[in-house]
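Q: Dropping the structure in here first, questions after.
In this note's numbering, the protein residues as written are 1118 to 1360.
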């Protein structure tokens, strides 16, 4: 078997999915409040920009991969209207259940599917838009997942990858201090889980930077890829067009 990374650790590829699952099983109940605390609410602006940049219209079919607690899916559902469809998916049952319950409580009824992004259970050329927000870095084979996302998009469809990325050089020291000293402590006191948030900080450093991810998307079949840095590169939105 081949090796891959789990944060800064090297693990067998066969172990990564279960270890990532353990992280999200642990944090699912506190996921939303932790997002607000650790990003100081900025994740809401990042996601709002993603939706605005997507070009979503009434009647569109949208696939939300690693959709977690469903905030993107809910926002897209408002825009596609009754003639459109938003499919909310995640590989983690705890996260998917949390998101499904949140959507139902908000009066939003969407198809909700447990699935692996590397083996999407949808026909080719199905969706107008595919999104994955803060989930790609946890996938074992990013190239396979990106190829699957391209496959299920219609020609002319868009993939939007919102993910932590390579921060601007002047911010590196402050960002590292916050990531490795502050963030795990917030996780300990709020979610009673210091280790999962230490993994989060490590997984960000192991994720491809802006240029590398752009190249991966082009290799996966996207004819054009734009990169939008936000908050000094803390987060980047990669937009790929299937030609």
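All C-beta atoms in this analysis are idealised placements derived from N, C-alpha and C, irrespective of residue type, glycine included.
Note down the Cα distance separating residue 1168 from residue 1268, rounded to an integer number of angstroms.
A: 21 angstroms
Q: Kindly list the residues whose CB is nearer than 8 angstroms to the CB of residue 1311, restricted to its own chain and excluding five residues on each side of it in sequence; keep chain order.
A: When the five nearest sequence neighbours on each side are left out, the beta carbons in the same chain lying within less than 8 angstroms of the beta carbon of residue 1311 are those of 1301, 1302, 1304 and 1305, in order along the chain.
Q: Residue 1354 to residue 1307, Cα distance in whole Å?
A: Using only the alpha carbons, I get a separation of about 28 angstroms.
Q: Skipping 5 residues on each side, what residues in its chain have a beta carbon closer than 7 angstroms to that of residue 1197?
A: Closer than 7 angstroms at Cβ, skipping near neighbours: 1173, 1175, 1176, 1177, 1179 and 1203.
Q: Report all residues from its chain with a CB closer than 7 angstroms to the CB of residue 1184; omit the five preceding and five following residues, and keep chain order.
A: 1190, 1205, 1206, 1207 and 1216
Q: Please state if the CB of residue 1350 and the CB of residue 1339 are separated by a distance shorter than 8 angstroms.
A: For residue 1339 and residue 1350, no; Cβs fall outside 8 angstroms.
Q: Which residues mark the beginning and the end of the alpha helix (DSSP H) in which residue 1141 is found?
A: 1130–1144
Q: Considering only DSSP beta bridges, list what residue 1178 is partnered with.
A: 1202
Q: Please state if the CB of residue 1296 and the CB of residue 1352 are separated by a distance shorter than 8 angstroms.
A: no
Q: Could you give the DSSP three-state label for residue 1162: helix, strand or coil?
A: It is helical.
Q: For residue 1239, tell me which candidate among 1291, 1158, 1181 and 1134 has the shortest Cα-Cα distance.
A: 1181
Q: Look at the Cβ atom of residue 1262, then the Cβ atom of residue 1276, and state whether they are nearer than 8 angstroms.
A: no
Q: Using the Cα positions of residue 1333 and residue 1291, report the straight-line distance between them to the nearest angstrom.
A: 29 angstroms
Q: List in chain order: all unbroken alpha helix (DSSP H) runs of 4+ residues lying wholly within the stretch 1270–1358.
A: You should have 1289–1294, 1300–1308, 1311–1323 and 1327–1336.
Q: Could you give the DSSP three-state label for residue 1149: helix, strand or coil?
A: helix
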